[in-house]
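Working notes for the structure below.
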Amino acid sequence: MEGYSDSPFRRICKRINPDIITVTEFTSADGIYHNAKQLMKKLSFEKEEHPIIAQIFGKNMDTFIAAAKVCEDMGFDGIDINMGCPAKKVVKSEHGVALRRNLPLAFKLIETLANATSLPVSVKTRLGWDDASDLTEFGKGAENAGADMICIHGRTYIEPYNVPAQWEPVYEMKRNISIPVLGNGGILNVQDGLEKIGNLDGFLIGQATFGNPWAFLEKSREISFEEKLPIIKLHSQMLIEQKGEYVGTREIRKHLVSYCRGFPGAKQFRPQLVRVESYKQICDVLDRIAEAVEPMFH
Ligand SMILES: Cc1cc2nc3c(=O)[nH]c(=O)nc-3n(C[C@H](O)[C@H](O)[C@H](O)COP(=O)(O)O)c2cc1C
Numbered sequence: 012m013e014g015y016s017d018s019p020f021r022r023i024c025k026r027i028n029p030d031i032i033t034v035t036e037f038t039s040a041d042g043i044y045h046n047a048k049q050l051m052k053k054l055s056f057e058k059e060e061h062p063i064i065a066q067i068f069g070k071n072m073d074t075f076i077a078a079a080k081v082c083e084d085m086g087f088d089g090i091d092i093n094m095g096c097p098a099k100k101v102v103k104s105e106h107g108v109a110l111r112r113n114l115p116l117a118f119k120l121i122e123t124l125a126n127a128t129s130l131p132v133s134v135k136t137r138l139g140w141d142d143a144s145d146l147t148e149f150g151k152g153a154e155n156a157g158a159d160m161i162c163i164h165g166r167t168y169i170e171p172y173n174v175p176a177q178w179e180p181v182y183e184m185k186r187n188i189s190i191p192v193l194g195n196g197g198i199l200n201v202q203d204g205l206e207k208i209g210n211l212d213g214f215l216i217g218q219a220t221f222g223n224p225w226a227f228l229e230k231s232r233e234i235s236f237e238e239k240l241p242i243i244k245l246h247s248q249m250l251i252e253q254k255g256e257y258v259g260t261r262e263i264r265k266h267l268v269s270y271c272r273g274f275p276g277a278k279q280f281r282p283q284l285v286r287v288e289s290y291k292q293i294c295d296v297l298d299r300i301a302e303a304v305e306p307m308f309h
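If you read the sequence shown in the working numbering, its first letter stands for residue 12, the second for the next number, and so on.
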C-alpha cells in the first residue's frame with residue numbers, strides 16, 4: 012500500500028506473523044524502465060520478507076517487460092499488476108483502475124507480462140468501474156491471458172474506502188474460474204478474513220493494519236500499549252535506518268499516530284507525535300504515553 016507497505020513495515024508485519032505474503036507499494040513500470048533511482052529504492056527488500064510480490068502499474072508493454080526482468084533480478088517471488096488504483100493522476104494516465112474500462116489492453120498487459128517472466132503473475136483490481144457487472148468477464152479474461160491469481164478489492168472505482176465491501180460478486184467470479192482468488196475490503200483481522208473467505212483462496216488486509224500489524228495475528232486479542240511499545244520503537248528504528256533520520260522521522264509520524272489510536276490518555280500526545288525529529292524524541296514521547304495509558308490497562 013502506497014505510503015505504508017515499505018520494507019520496514021513489511022518486516023514488522025512479518026514479525027507478527029511470519030506466514031504472511033507481503034506486497035510492495037505500487038511502483039511505476041515506466042519509472043522502473045527509466046531506472047529511476049527512487050523507484051528502485053522503493054522496491055528494495057530484505058531476505059526475511061519472502062515470499063514477496065512486487066506490485067507494478069502502467070500500460071506500456073515494453074516497460075512491463077523491462078520491469079519483469081528487474082523484478083526477477085531482484086529476487087521477487089511474484090509480480091502483481093495494479094488495476095485498482097483510483098488516484099486522479101493514475102487514472103488520467105489510463106493506469107490503475109482505468110484499465111477496467113479498457114479490457115483488451117488489460118488482458119494484453121497480463122499476457123505480455125506472463126510471457127515475459129517465469130514468475131507468477133497476479134492482478135489486483137476492484138469490482139468494476141461503477142458496478143460489478145463485468146467482474147466475472149474480467150476474471151475469465153485475466154485467467155485466459157495467463158494470470159496465476161486475482162485479488163479483488165470489493166468496492167467499485169466510484170466508492171470511497173469506507174463503504175462496506177461487497178463479497179458476493181467476488182464469490183461469483185471465483186465460481187467461474189479456476190485460478191486462486193483473494194478477497195479484500197474492510198477486513199479487520201485474520202479471524203474476520205476467515206469468516207468472509209467463502210469459496211475464495213485467501214484475503215488481503217489493508218487499512219486495518221495501519222498502526223496495527225497485530226491484525227495479522229492468527230488469533231486476535233487485546234494488546235496493551237506496553238506490549239506494543241517495543242514493536243513501535245523497532246519500526247521507528249528500522250524506518251530511520253533505511254531512509255535516514257530526516258525522512259524516517261517524517262514518515263513514521265503517521266504510523267505513530269495510528270499506533271496510539273484508541274488508547275485513552277494518548278490523544279494529548281498527538282501534537283508531539285506529529286513533530287518528532289529524532290529516534291530519541293520518538294522514544295521519549297512513547298515512554299510518556301506508556302506511563303499515561305498503562306494504568307488503564309492493568
Ligand atoms: C493509503 C492507501 C494506499 C493504498 N495503496 C495501494 C497500493 O499501492 N496498491 C494497491 O493495490 N492497493 C492500494 N490501496 C488499496 C488497498 O490495498 C485495499 O485494496 C483497500 O484499502 C481496501 O482494503 P481495506 O478495506 O482492507 O483497506 C491503498 C489504500 C490506501 C487507503
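Glycine included, every Cβ here is placed at the ideal spot set by N, Cα and C.
- Measuring C-alpha to C-alpha distances from Q248 to each of I32, R264, L110 and I234 identifies R264 as the nearest.
- The C-alpha of C271 lies about 29 Å from the C-alpha of K58.
- Taking a cut-off of 8 Å for Cβ pairs, the stretch 209–222 and the stretch 180–198 touch, as three or more such pairs fall below it.
- As DSSP reads the structure, D91 sits in a beta bridge with Q66 and S133.
- Counting along the chain, I234 sits inside no alpha helix (DSSP H), nor does DSSP assign it H or E at all.
- Cβ-Cβ distances below 7 Å link S55 to S18 in the same chain, with the five nearest sequence neighbours on each side left out; the list follows chain order.
- For N195, the uninterrupted beta strand (DSSP E) segment begins and ends at V192 to N195.
- When beta bridges are read from the DSSP output, V34 appears opposite I64.
- Contact check for A301 and E237: beta-carbon distance about 6 Å, within the 8 Å limit, so the pair qualifies.
- Annotation: the continuous alpha helix (DSSP H) that includes I121 extends over L114 to A127.
- Proximity of the beta carbon of K278 to ligand 1 is not indicated: no heavy atom of the ligand is located closer than 8 Å.
- Bridge pairing for L215: N195 [DSSP].
- Of the residues assessed, R166 falls on the buried side of the cut-off, its CB having 16 or more other CB atoms within 10 angstroms.
- Beta-bridge pairing by DSSP links C82 to no other residue.
- For H45, the CB stays at least 8 Å from every heavy atom of ligand 1.
- Restricting attention to N187, A153 and I163, the CA atom closest to the CA of Q177 is found in I163.
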